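Q:
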Amino acid sequence: MGKFDARNVPACPKYLLFVFNLIVLIGGLVLTIIGIVAVANEDYFKGEEFVDHDMFRAGAIVIIVVGVITVFFSFFGCCGAIKESKCLLMTYAVLTTLALIGIGTVAILGFVFKADIVQEMKVALEDKMKNYNDKLNKEAWDNLQQNCENPSVENGNIYTSGCMDIVYKLEKYAGTLAIVALVFAILMILGVILACIVGCAA
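Sequential numbering from 1 applies to the sequence shown in UniProt numbering.
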């Protein structure tokens with residue numbers, strides 16, 4: 001079999017790869033903006049008295065890093081598809097594979113430690129409620145009340161629902177987030193396959 005000429009690069013995989021990476025690039029920009037806004041907006045960290053401030057800020061920084069990396073490797077994918085450059089496409093394939101490994105690692109860690117995070121928040125909320133008369137704790141609860149209509153820790157204490165209910169709902173949605181992450185991972189794998197097809201034909 002002879003070597004493919006660049007002119008023989010399949011049009012369908014080429015443009016699918018470009019459109020896919022363009023969408024991912026836009027998504028990466030959105031993630032980056034969300035992370036920057038979260039870091040710059042002090043309201044994002046309301047309630048930091050209940051959980052380690054650094055944990056919240058680290059989460060926002062992780063979002064920024066993921067967004068920037070996503071923009072970076074999707075740019076390689078877009079340029080590689082349009083220019084039909086084997087070098088750019090193979091670089092994209094390698095970066096995407098590394099990103100998949102990183103995302104998988106973070107997802108596993110998040111799933112493993114999600115219960116610890118919820119428990120930490122619950123213990124902190126209960127501790128602050130016991131010392132509500134303390135000025136700093138009172139200010140912390142007042143700040144949290146601005147974000148939770150019914151600031152309770154558990155049913156039977158003050159209100160029947162509240163901020164811990166929100167935390168438990170977020171934990172409940174972890175399964176949905178896992179499915180979304182799985183779909184995203186499948187799309188990234190598809191991107192790698194398309195990059196290899198176009199790259200080998202270039």
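Beta carbons: idealized from backbone N, C-alpha and C, even for Gly.
Computed from a prediction, not measured in an experiment: that's the story for all the values here.
Work out the CA separation of Val-192 and Asn-21 for me, nearest whole Å.
A: Residue numbering aside, residue 21 sits at position 21 when the sequence shown is read from its first letter. Residue numbering aside, residue 192 sits at position 192 when the sequence shown is read from its first letter. So the two alpha carbons sit approximately 11 Å from each other.
Q: Looking only at its own chain, which residues have a Cβ that is under 7 Å from the Cβ of Thr-91, when we skip the five neighbours before and after it?
A: Position 91 of the sequence shown, counted from the first residue, corresponds to residue 91. Cβ neighbours of Thr-91 beyond the five flanking positions: Phe-76.
Q: Measuring CA to CA, which of Ala-107, Gly-199, Cys-87, Thr-97 is closest to Leu-187?
A: Your numbering for residue 187 matches position 187 in the sequence shown. With distances taken between Cα atoms, Leu-187 lies closest to Thr-97.
Q: Closest to Glu-84 by CA distance: which of Gly-102, Cys-12, Ile-189, Ile-108 is it?
A: The residue given as residue 84 occupies position 84 in the sequence shown. Among Gly-102, Cys-12, Ile-189, Ile-108, the Cα nearest to that of Glu-84 is on Cys-12.
Q: By how many angstroms is the C-alpha of Phe-72 removed from the C-alpha of Ala-195?
A: Numbered from its first residue, the sequence shown carries residue 195 at position 195. Numbered from its first residue, the sequence shown carries residue 72 at position 72. Using only the alpha carbons, I get a separation of about 15 Å.
Q: What residue from Ile-103, Cys-79, Arg-57, Ser-74 has the CA that sits closest to Ala-181's CA?
A: Here the question's residue 181 lines up with position 181 in the sequence shown. Ala-181 has its Cα closest to that of Ile-103, out of Ile-103, Cys-79, Arg-57, Ser-74.
Q: Taking just the CA atoms, how far does Lys-86 sit from Thr-70?
A: Here residue 70 corresponds to residue number 70 of the sequence shown, with the count starting at 1. Here residue 86 corresponds to residue number 86 of the sequence shown, with the count starting at 1. Using only the alpha carbons, I get a separation of about 20 Å.
Q: Once DSSP output is grouped into helix, strand and coil, what is the label at Ser-85?
A: Here residue 85 refers to the residue found at position 85 when the sequence shown is read from its first residue. Reduced to three states, the DSSP call for Ser-85 is coil.
Q: How about Gly-28 and Gly-59: do their beta carbons lie closer than 8 Å?
A: Sequence index remark: in the sequence shown, residue 28 carries index 28 (1-based). Sequence index remark: in the sequence shown, residue 59 carries index 59 (1-based). No, they are not a contact pair.
Q: Would you report the Cα separation of Leu-100 and Val-19, rounded to the nearest angstrom?
A: As a working note, residue 100 is residue 100 in the sequence shown. As a working note, residue 19 is residue 19 in the sequence shown. C-alpha separation (whole angstroms): 19 Å.
Q: CA-CA distance, Ile-82 and Leu-17?
A: Taking the sequence shown and counting its residues from 1, the one referred to as residue 82 is at position 82. Taking the sequence shown and counting its residues from 1, the one referred to as residue 17 is at position 17. The straight-line gap separating the alpha-carbon atoms of Ile-82 and Leu-17 is approximately 9 Å.
Q: Who are the near neighbours of Ile-26 in its chain, counting only those whose CB is closer than 8 Å to its CB and skipping five residues on each side?
A: Taking the first residue of the sequence shown as 1, we reach residue 26 at position 26. If we look at Ile-26 and ignore the five residues flanking it on each side, it has no Cβ neighbours.
Q: Taking Val-39 as the reference, which of Ile-23, Val-24, Val-62 has the closest Cα?
A: Along the sequence shown, one-based indexing puts residue 39 at 39. Measuring from the Cα of Val-39, the nearest candidate turns out to be Val-62.
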